[in-house]
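S.K.: In our numbering, the protein residues as written are 92 to 295.
Listed below in structure tokens is the structure:
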């Protein structure tokens, strides 16, 4: 099979075939994800997605939802259904580097996520606050502006921003609920953070 976008289309084709061959009862039993009228229901950053089985068609409860338009997010959802485990609630949060394989990916994560967050939102904190609240974020007392987001089920993300001053440029930190490794590989954790940033940017 020929792909015009190997980076996105090849993984999607691989996990789509695995999803088609999967047993909906096993997924529901393992994750507790609802399966009704031929589709799974998953909520991601406040948007409810329906993934039909076995034809693997994505729909969402709002227009312009990232998961409907982005193959990367669709792969993330499929991997969660196929490989994820139920996550207990936790109040413990860790940086990307503190999670498994985080040190290996820390440098690209810093450029792709932290620097982007700092220079996209760290210079416009009021816009960030408005976008975060539209996305259902809860303000927390860290940095100059910080919010906690429900990514899906018991998986949560925190984005913390510091404004620039006379000596330092703007900076950012992303924290993950400590249960993230149960459902998300290191690559998936990068995509989860990127999905949050993309969702916030849509709302500014």
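All residues carry an ideal CB built from backbone N, CA and C; glycine is no exception. Small disclaimer: the values here were computed from a predicted structure and weren't measured.
1) Does the segment 137 to 144 come within contact of the segment 229 to 238, defined as at least 3 CB pairs closer than 8 Å?
2) Where does residue 290 land, buried or exposed, given buried means 16+ other C-beta within 10 angstroms?
3) For residue 106, is the classification buried or exposed, using 16 other Cβ atoms within 10 angstroms of its Cβ as the cut-off for buried?
4) Can you tell me whether DSSP reads residue 236 as helix, strand or coil?
5) Taking Cβ to Cβ, would you say residue 171 is nearer than 7 Å to residue 274?
6) Count the other CB atoms within 10 Å of the CB of residue 118; is the residue buried (16 or more) or exposed (fewer)?
7) Give me the DSSP bridge partner(s) of residue 131.
8) In chain order, what residues of the same chain have a beta carbon less than 7 Å from the beta carbon of residue 297, not counting five sequence neighbours either side?
9) Where are the alpha helix (DSSP H) runs, 4 residues long or more, that stay fully inside the segment 168 to 223, in chain order?
10) For the 8 Å Cβ check, are there 3 or more pairs between the segment 247 to 263 and the segment 208 to 221?
11) Classify residue 242 as buried or exposed, calling it buried when 16 or more other Cβ atoms lie within 10 Å of its own Cβ.
12) Would you decide whether residue 165 is buried or exposed? Buried here means 16 or more other CB atoms lie within 10 Å of its CB.
13) Could you check what DSSP says for residue 230 in three-state terms: helix, strand or coil?
14) Going by alpha carbons, who is nearest to residue 135 out of 115, 159, 129 and 263?
15) What separation, rounded to the nearest whole angstrom, lies between the Cα atoms of residue 113 and residue 169?
16) Could you check the C-alpha separation between residue 304 and residue 102 for me, to the nearest Å?
17) Pick from 245, 188, 203 and 229: whose alpha carbon is nearest that of residue 124?
18) Please state the DSSP three-state secondary structure of residue 290.
M.R.: Straight from the coordinates:
1) No, the segment 137 to 144 does not touch the segment 229 to 238.
2) In the chain shown, the residue the question calls residue 290 occupies position 199. It is buried - the Cβ of residue 290 has at least 16 other Cβ atoms within 10 Å.
3) As a working note, residue 106 is residue 15 in the chain shown. Buried: at least 16 other Cβ atoms inside 10 Å.
4) Against the chain shown, residue 236 aligns to sequence position 145. Looking at residue 236 - three-state DSSP - the assignment turns out to be strand.
5) Residue mapping note: residue 171 aligns to position 80 of the chain shown, counting from 1. Residue mapping note: residue 274 aligns to position 183 of the chain shown, counting from 1. Yes.
6) For the purposes of this step, residue 118 is taken as the residue at position 27 of the chain shown. Per the 10 Å Cβ criterion, buried.
7) Locating residue 131 in the chain shown gives position 40, where the first residue counts as 1. Within the DSSP secondary-structure output, residue 131 pairs in a beta bridge with 126 and 142.
8) Residue 297 is absent from the structure shown; the chain starts at 92 and stops at 295.
9) 193 to 200 and 206 to 212
10) yes
11) Within the chain shown, the letter at position 151 stands for residue 242. When all chains shown are included, residue 242 counts as buried.
12) What you label residue 165 is simply residue 74 of the chain shown in a count that begins at 1. Classification of residue 165: buried, given that the 10 Å Cβ count is 16 or more.
13) For the purposes of this step, residue 230 is taken as the residue at position 139 of the chain shown. Strand, per DSSP.
14) What you label residue 135 is simply residue 44 of the chain shown in a count that begins at 1. With distances taken between Cα atoms, residue 135 lies closest to 159.
15) As a working mapping, residue 113 is identified with position 22 in the chain shown. As a working mapping, residue 169 is identified with position 78 in the chain shown. About 11 Å.
16) With the chain represented from 92 up to 295, any question about residue 304 goes unanswered, as that position is not in the structure.
17) Stepping through the chain shown from its first residue, residue 124 is reached at position 33. If we check each option's Cα against that of residue 124, 245 comes out closest.
18) Counting from 1 along the chain shown, the entry for residue 290 is found at position 199. Reduced to three states, the DSSP call for residue 290 is helix.
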